[in-house]
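Heads up, the sequence shown stops at 57 in my numbering, and the numbers go up one at a time, no gaps.
This report concerns only the one structure given below.
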Amino acid sequence: MQLDEVPSLDVKLSDISIGTSALPTLLPPYYFKDGDNEFNLVDG
């Protein structure tokens, strides 16, 4: 798996789930931080 090679991809499943619901026409993009990493998720 890539988690062994890229530990920054190890984020909470709840954050990923909310991010996949961020439809630009209805809901805003979902932003969260995990340590030093920032994520801006938009479904589309």
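All residues carry an ideal CB built from backbone N, CA and C; glycine is no exception.
Delimiting residues of the beta strand (DSSP E) encompassing residue i
{"i": "leucine 54", "result": "50-54"}
{"i": "aspartate 62", "result": "The first residue shown for the chain is 14 and the last is 57, placing residue 62 beyond what the model contains."}
Reference residue i; option with closest CA among the options
{"i": "aspartate 56", "options": "Leu26, Asp23, Ser30", "result": "Ser30"}
{"i": "proline 42", "options": "Asp23, Asp28, Val24, Glu18", "result": "Asp28"}
Where the alpha helix (DSSP H) containing residue i begins and where it ends
{"i": "aspartate 28", "result": "26-32"}
Straight-line Cα distance separating residue j from residue i
{"i": "tyrosine 44", "j": "threonine 38", "result": "16 Å"}
{"i": "alanine 85", "j": "phenylalanine 52", "result": "No answer is possible for residue 85: the residues shown for the chain start at 14 and end at 57."}
{"i": "glycine 32", "j": "lysine 46", "result": "12 Å"}
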